[in-house]
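Residue numbers (the working numbering): 324 to 589. Ideal Cβ positions, reconstructed from N, Cα and C, are used throughout, including at glycine. Just so we're clear, the structure is a prediction, and the values are computed from it rather than from any experiment. Working notes, structure below.
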Ligand SMILES: NC(=O)c1ccc[n+]([C@@H]2O[C@H](COP(=O)([O-])OP(=O)(O)OC[C@H]3O[C@@H](n4cnc5c(N)ncnc54)[C@H](O)[C@@H]3O)[C@@H](O)[C@H]2O)c1
């Protein structure tokens with residue numbers, strides 16, 4: 324018996340990176356998976372691999388910048404598997420060209436980041452919740468970021484989107500608690516995904532750069548996508564029925580460390 328046998332899970336941005344880590348863990352624990360992603364190449368490959376290894380998965384192609392995509396994703400999932408029990412709102416973008424202050428941020432860049440990172444979470448929840456209600460409950464896990472808690476220079480739309488995800492999580496948890504629909508969030512530190520590896524200049528040794536990112540995490544390394552998968556699995560399982568409206572920081576201790584700690588104390 325797997326922890327998620329006979330459950331149906333939608334994972335947005337599930338073709339690569341953290342989303343794929345979530346897909347791998349939930350499907351290995353028995354869930355039927357709907358992968359919703361812009362990348363047909365990677366999304367179809369992940370679905371095919373699950374199906375050929377005895378699991379069940381579908382891929383739905385869509386660009387979450389567009390507001391008609393969430394309803395289509397939920398409908399295709401319900402057509403294939405009959406319901407939605409778990410929604411993992413994971414899709415997110417942080418284009419390298421977006422590192423600017425508010426004066427220099429083009430309105431289109433603001434809209435693109437907010438549409439993908441926050442509005443899609445609202446719309447995916449809006450269309451999934453009626454199906455969860457039909458099942459007498461469900462779980463929504465929103466992937467936020469440590470950048471929803473503290474920030475760095477020059478990331479206004481990304482920081483605003485992640486703060487918004489945490490606020491939306493609290494809000495939805497209150498509005499649906501009585502219906503047994505739990506809403507939680509995860510704040511990852513730095514993870515080994517295309518978002519992070521693609522941010523490293525081609526002139527720099529990738530392994531050295533990732534080691535450098537790892538060094539700011541007290542455990543001394545960056546995270547692997549499956550480590551978010553295990554956190555999602557727990558939060559959406561029967562073991563977490565009293566947890567809602569809360570976020571879980573999965574960051575190798577980074578947020579536990581004050582900015583005054585230079586690491587020189589030995
Ligand atoms: N990687 C990290 O270090 C890190 C840290 C904190 C939070 N996060 C958050 O975790 C989530 C996943 O990040 P990741 O690092 O795995 O990202 P990633 O870029 O490595 O993968 C993102 C996935 O989403 C898909 N995608 C991108 N834009 C899309 C769109 N418009 N429509 C549909 N699909 C789209 C991509 O094809 C890809 O499969 C994001 O919300 C991100 O903000 C990541």
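Look up residue i in the DSSP assignment and say whether it is helix, strand or coil.
i, result
"residue 541", "coil"
"residue 511", "strand"
"residue 359", "strand"
"residue 567", "coil"
"residue 376", "coil"
"residue 335", "strand"
"residue 348", "helix"
"residue 342", "helix"
"residue 575", "coil"
"residue 436", "helix"
"residue 535", "helix"
"residue 354", "coil"
"residue 415", "coil"
Evaluate residue i with the Cβ neighbour count: other Cβ atoms within 10 Å of its Cβ, from every protein chain shown; 16 or more gives buried, anything less gives exposed.
i, result
"residue 419", "exposed"
"residue 527", "exposed"
"residue 485", "buried"
"residue 522", "exposed"
"residue 448", "buried"
"residue 494", "exposed"
"residue 425", "exposed"
"residue 579", "exposed"
"residue 473", "exposed"
"residue 329", "exposed"
"residue 520", "exposed"
"residue 402", "exposed"
"residue 511", "buried"
"residue 332", "buried"
"residue 382", "buried"
"residue 434", "exposed"
"residue 564", "exposed"
Would you give the residue range spanned by the alpha helix (DSSP H) that residue i belongs to?
i, result
"residue 328", "Note, residue 328: premise wrong, no alpha helix (DSSP H); not H, not E."
"residue 398", "392-404"
"residue 410", "It is not in any alpha helix (DSSP H) - residue 410 instead sits in the beta strand (DSSP E) that spans 409-412."
"residue 427", "Taken as a continuous stretch (DSSP letters only), residue 427 belongs to no alpha helix (DSSP H), as it is neither H nor E."
"residue 388", "Segment: none, residue 388 is in no alpha helix (DSSP H) and carries neither H nor E."
"residue 581", "Looking at the DSSP string, residue 581 is not in any alpha helix (DSSP H), and its letter there is neither H nor E."
"residue 554", "548-558"
"residue 527", "No alpha helix (DSSP H) contains residue 527, which DSSP labels as neither H nor E."
"residue 420", "It is not in any alpha helix (DSSP H) - residue 420 carries neither H nor E in the DSSP assignment."
"residue 520", "517-520"
Terminal residues of the continuous beta strand (DSSP E) containing residue i?
i, result
"residue 380", "380-384"
Mind checking whether the beta-carbon of residue i lies closer than 7 Å to any heavy atom of ligand 3?
i, result
"residue 386", "Inclusion of ligand 3 in the displayed structure is not the case, the ligand content consisting of ligand 1 alone."
> Which full runs of the beta strand (DSSP E) of 3+ residues lie inside the stretch 441-508, going along the chain?
Replying inline: 461-466
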